[in-house]
Amino acid sequence: MIKKHIPNTLTLANLSCGCIGIVACTQGNLPVAAYMVWLAALFDFLDGFVARLLKVSSPIGKELDSLADMVTFGVLPSFILFQMLAAITQTLLPYLAFVLALLSALRLAKFNIDTRQTTGFIGMPTPAAAFFVSGLVFWSNSTYLNVTNLSLISILLALLLVVPLPMLALKFKNYSLKDNIFRYMVVIVSTVLLFVLGKKSFPWIITSYLALSLISLATNKQKTSSN
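Laid out in structure tokens, this is it:
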């Protein structure tokens, strides 16, 4: 009886991280907000893993997961971008950051009813956008993170969430190199970048993930047309 509540408890832990991260943002503590994104991602992985392990997945768990993800991977990264923009401009441009939260909600709502996304993603998953933003926190002294670039990042990440393009998911039907070459490349490239750049690696990791997804899509289209 107790075990059926374990996955939902982990999902609520994910949501708690999002709430703590938002509070950290309002206090100007962006590194803590970034850490909350990462900790939430761990809980987000564990709730699904534990649900499958214990065979206790349920419709309410799926809905609760999306609600938690909306806060942690939609609202929280928007707050991070807002604070980063507000620190360098007194205009209304920081509010542009919340476009990411709006399209995160749309993306999560579509995901719950889209049967095409069982083995892959259509559009970029919300955790990827959140990881990208969390990594920007540790590049805060970079001259490249100006008002223009941060505004463009807010819009581009938001659009990538809903763009109708297939993207890779680390879901393995088997472990064949031939069938999963691009998934393995995502893992290898991400590991190398994380080792070399540490906390600053996440924008580059997500950029490489997007690039490999597009290459995988082009390769699959070429195979289909040749057949």
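Position 52 (the sequence shown) corresponds to 932 in my numbering; numbering is contiguous.
Cβ coordinates follow ideal geometry from the N, Cα and C atoms, glycine included.
Spatial neighbours of residue i within its chain, please: C-beta separation below 6 angstroms, excluding the five flanking residues on both sides.
i       : result
Ala921  : Pro1007
Leu1074 : Ser1081
Ala914  : Ser1014 and Val1017
Ile1085 : Ser1070 and Leu1073
Look at the alpha carbon of residue i and the alpha carbon of residue j, and state the distance between them as a whole number of angstroms.
i       : j       : result
Ile940  : Asn1021 : 43 angstroms
Leu1016 : Leu1030 : 9 angstroms
Ile930  : Leu1097 : Here the sequence assigns Val to residue 930, which means Ile is not the residue at that position. So the alpha carbons of these two residues sit roughly 31 angstroms apart.
Thr1028 : Gln963  : 15 angstroms
Asp927  : Thr891  : 6 angstroms
Ser1070 : Trp918  : 15 angstroms
Tyr1055 : Pro1044 : 27 angstroms
Ile1035 : Thr906  : 22 angstroms
Asn1026 : Gly1078 : 22 angstroms
Ile968  : Leu961  : 11 angstroms
Gly1000 : Met1047 : 6 angstroms
Lys1101 : Ile1033 : 28 angstroms
Lys1053 : Ile1068 : 19 angstroms
Ile900  : Met916  : 7 angstroms
Ile993  : Thr1023 : 42 angstroms
For residue i, name the three-state secondary structure that DSSP assigns.
i       : result
Met950  : helix
Pro1046 : strand
Phe929  : helix
Phe1110 : Residue 1110 is absent from the structure shown; the chain starts at 881 and stops at 1107.
Ile940  : helix
Ile882  : coil
Tell me the residue span of the alpha helix (DSSP H) that contains residue i.
i       : result
Gln963  : Leu956 to Ala966
Phe1011 : Thr1006 to Leu1016
Less than 8 angstroms between C-beta atoms, sequence neighbours within five positions excluded: which residues of the same chain meet that for residue i?
i       : result
Leu1057 : Tyr1064
Pro1083 : Phe1012, Gly1015, Leu1016 and Trp1019
Leu910  : Ala904, Ile960, Gln963, Met964, Val1017 and Ser1020
Arg932  : none
Leaving out five residues on either side along the sequence, give the residues of the same chain with a beta carbon under 7 angstroms from the beta carbon of residue i.
i       : result
Lys883  : Leu934 and Val936
Ala966  : Pro974
Leu1041 : Leu983, Ser984, Arg987, Gly1003, Met1004, Thr1006 and Ala1009
Ala981  : Gly954, Val955 and Ser958
Ile902  : Val955, Leu956 and Phe959
At least one CB of chain C closer than 7 angstroms to the CB of residue i: is that the case?
i      : result
Ser896 : Although the question refers to chain C, the structure presented lacks it and comprises just one protein chain.
Point to revise | Segments of 4+ residues assigned as alpha helix (DSSP H) that fall wholly inside the region 1018 to 1084 | key: Annotation note: the region 1018 to 1084 contains the following uninterrupted alpha helix (DSSP H) runs of length 4 or greater, listed N- to C-terminal: 1027 to 1042 and 1057 to 1077.
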